[in-house]
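Chains as they are written, first to last, in our numbering: chain U, 13 to 124; chain E, 18 to 130. For every residue, glycine included, the Cβ atom is placed at its ideal position computed from N, Cα and C. Just so it is clear, the structure is predicted and the values come from calculations on it, not from any experiment. Working notes, beginning with the structure itself.
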C-alpha cells in the first residue's frame, strides 16, 4: 500500500544546529510529496512541496529534495531557531486522488 | 488572507450523543477534505467533496456522514459517539480537485466523555 515513514522524535537541538528529519515513502505511481508543520494548538501548515523527481522544495530556510531512486524526501535546515519547535509531518498524495497520506510526525524541540 | 474556518473550535459530548462540525473553505475553493487526528497520531483522511459531490472516501465510520452545501461549506455529522471518537478534526480546502495543495483550518477538538 501507500505509506510514509518518518524518523521518530523528539528531535532535540540547540539553536543554530543543523536539522535533518528523514522521510521515506512507498507509493504506486508518482506521488507528490509534502512537508507540513503543526505548531502547538494550531492546524497544519504547508511548509514545502515537490511534485516530481529531483524537484527541491524550499521555504523559510527549510529544504527537501524529491529522490525517486531512494524514495525519500528528507527535510533539512542549516540553522534552526527556537521558533521552529513544532511537529513536522511528511505526506504524499497520488495522481488520481487528493487525499494526503501522512507519516506519524516528528516533534522538533529547539533550545536556546 | 482569508483562511479555512472551522466551528466550533472545541466540543464536549457524552457517549451516544451526536455532533456536527462545520467547515467554511477559503473563498473560491470548491474542494473540502476532512481528517481525523487522534492524540499523538498522524491525521487520517476521512472524506472529501468536490463541487458538492463526494470525491473520495477514507476510513470514515458508518456512524459519520458529511456533505457539502451550495455555498461550498461542509458539515461532518457524527452520531452514536464513542470514546474513541475523541480527536482533533481538521478541514482543508483547495481550489479544484487534484490541485494538490490543501489549506488546513485550525481544527475542532472533540472530546467524548
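Which residues DSSP lists as bridging residue i, in chain order
i: residue 75 (chain U); result: U:70 and U:88
i: residue 15 (chain U); result: U:38
i: residue 24 (chain U); result: U:121
i: residue 46 (chain E); result: In the DSSP output, where bridge partners are listed per residue, residue 46 (chain E) has none listed.
Counted within 10 angstroms of its Cβ, other Cβ atoms place residue i as buried (16 or more) or exposed
i: residue 86 (chain E); result: exposed
i: residue 50 (chain E); result: buried
i: residue 23 (chain E); result: buried
i: residue 19 (chain E); result: exposed
i: residue 128 (chain E); result: exposed
Backbone secondary structure at residue i - three-state DSSP
i: residue 73 (chain E); result: strand
i: residue 97 (chain U); result: coil
i: residue 112 (chain U); result: coil
i: residue 30 (chain U); result: coil
i: residue 129 (chain E); result: strand
i: residue 49 (chain U); result: strand
i: residue 80 (chain U); result: coil
i: residue 63 (chain U); result: coil
Contacts that residue i makes with chain B (C-beta to C-beta distance below 7 Å)
i: residue 59 (chain E); result: Absent from the structure is chain B; the protein chains it does hold are U and E.
At what residue ranges does the segment 80 to 116 of chain E contain a whole run of the beta strand (DSSP E), taking only runs of 3 or more? Annotation note: the segment 80 to 116 of chain E contains the following uninterrupted beta strand (DSSP E) runs of length 3 or greater, listed N- to C-terminal: 81 to 85, 91 to 95 and 104 to 111.
Below 8 Å, can you find three or more Cβ-Cβ pairs linking the segment 97 to 107 of chain E to the segment 51 to 69 of chain E? Contact between the segment 97 to 107 of chain E and the segment 51 to 69 of chain E is present, because at least three Cβ pairs lie under 8 Å.
Do the segment 28 to 40 of chain U and the segment 22 to 32 of chain E touch if we need at least three Cβ pairs shorter than 8 Å? Contact fails: fewer than three Cβ-Cβ distances are below 8 Å.
Please confirm if the segment 16 to 31 of chain U is in contact with the segment 83 to 91 of chain U, defined as three or more CB-CB distances below 8 Å between the two stretches. The answer is yes - the segment 83 to 91 of chain U touches the segment 16 to 31 of chain U, with three or more Cβ pairs under 8 Å.
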